[in-house]
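Protein sequence lines, in the order shown, are assigned to chains A and B. Counting with my numbering, you get residues 1 to 170 for the letters of the first sequence. Counting with my numbering, you get residues 171 to 230 for the letters of the second sequence. No residue lacks a Cβ here, since even glycine has one placed at the ideal position from N, Cα and C. Note that the structure is a prediction, hence the values are computed from the model and not measured.
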Amino acid sequence: MTRHETTSTAWPLVFSYNGIIMGRGFLAEIAMQGRLLATPEVEGVWLHGVNPGALAVGAATLSDANTELRNTLTRLFIDFAEQSATFDAFRERVITYFNESDAQSAQEWEEARKQVRAGVVPVPDGLPRKTAETDTKTSVQVNIKTAEAVTPQDNIFVQQDTKPVLAAAA
Amino acid sequence: MLTACALGHTVQATTHFYCIRYKAKTYPSFPKKRQVDVGHVRKMARHLEILDCATKHLDL
Numbered sequence: 001m002t003r004h005e006t007t008s009t010a011w012p013l014v015f016s017y018n019g020i021i022m023g024r025g026f027l028a029e030i031a032m033q034g035r036l037l038a039t040p041e042v043e044g045v046w047l048h049g050v051n052p053g054a055l056a057v058g059a060a061t062l063s064d065a066n067t068e069l070r071n072t073l074t075r076l077f078i079d080f081a082e083q084s085a086t087f088d089a090f091r092e093r094v095i096t097y098f099n100e101s102d103a104q105s106a107q108e109w110e111e112a113r114k115q116v117r118a119g120v121v122p123v124p125d126g127l128p129r130k131t132a133e134t135d136t137k138t139s140v141q142v143n144i145k146t147a148e149a150v151t152p153q154d155n156i157f158v159q160q161d162t163k164p165v166l167a168a169a170a
Numbered sequence: 171m172l173t174a175c176a177l178g179h180t181v182q183a184t185t186h187f188y189c190i191r192y193k194a195k196t197y198p199s200f201p202k203k204r205q206v207d208v209g210h211v212r213k214m215a216r217h218l219e220i221l222d223c224a225t226k227h228l229d230l
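Listed below in structure tokens is the structure:
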């Protein structure tokens, strides 16, 4: 994606991320639900982070963006693990990252949701719709996982095998 | 652009990204690619609260 011509359409999305990151002597289980503002562009779509705010993902389609979002977050959490001597340091890093945002992005997300609810902006094709406030609330949990608690289901062989993480907030 | 708009910023290369810090804000996921899409630059500049200055130096 190299073109940057944007339209006024913006989709308020929520995403979920669930994964296990191996750190220095620990396994960390991350579960988060965050908010993104998606904007269609001539050659694809951009996802702009609201919570976390320091995040941007560009891809040709929303489906590709879904995969790229997960890959980007996983790479980032591996970086955090490399920089963290302990689980507590890692946990604090992830939570601080998730909560760092800005008021303007949050306001734009709320405005975009109003547009979707008013029927001005349609929900993107292929995305589930989340309407309840509880379904669109942000949350982050980072828990230590013991080796005994690890199961074969914790393995992720192919990123595309993971559940869709994006949904439209409406 | 960062030199002009974010005096005192730091850039740290991690395994996968550049981590850019300025004042109290951190942008830890700036791509390492040689050609970075403007979307990443725009988001980083907004997050670090230097977007107005950045748009004067770059075509954002």
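Between the C-alpha atoms of Ile-78 (chain A) and Arg-117 (chain A) there is a straight-line separation of about 37 Å. The region 13–29 of chain A makes contact with the region 76–94 of chain A; the number of CB pairs closer than 8 Å reaches 3 or more.
Using a Cβ-Cβ cut-off of 8 Å, Trp-46 (chain A) is close to Gly-209 of chain B, given in chain order. When A:Ile-144, A:Gln-107, A:Gly-49, A:Pro-128 are compared, the shortest CA-CA separation from Phe-90 (chain A) is found for A:Ile-144. Within the region 104–138 of chain A, those residues whose Cβ lies closer than 9 Å to any Cβ of chain B are, in chain order, Gln-104, Ser-105. Taking CB atoms only, Tyr-17 (chain A) has no neighbour in chain B less than 8 Å away. Residue range 103–117 is occupied by the alpha helix (DSSP H) that includes Arg-117 (chain A), with no beta strand (DSSP E) assigned at that position. Between the region 194–203 of chain B and the region 36–46 of chain A, the count of Cβ pairs shorter than 8 Å is below three; the stretches do not touch. With contacts defined by Cβ atoms closer than 8 Å, Ala-59 (chain A) and His-210 (chain B) do not form a contacting pair. Rounded to the nearest whole angstrom, the C-alpha separation of Ile-190 (chain B) and Ala-215 (chain B) is 10 Å.
The three-state reading of DSSP puts Val-120 (chain A) in coil, since its state is none of H, G, I, E or B. For the region 179–200 of chain B, the beta-carbon criterion of a distance under 8 Å to any beta-carbon of chain A is satisfied by Thr-184, Thr-185, His-186, Phe-187, Cys-189, Lys-195, Thr-196, Tyr-197, Pro-198, Ser-199. For Phe-26 (chain A), there is no enclosing beta strand (DSSP E), since its DSSP letter is neither H nor E. The Cβ atoms of Gly-53 (chain A) and Glu-108 (chain A) do not sit closer than 8 Å to each other. By the neighbour-count criterion, in which 16 or more other beta carbons inside 10 Å mark a residue as buried, Ala-176 (chain B) falls on the buried side.
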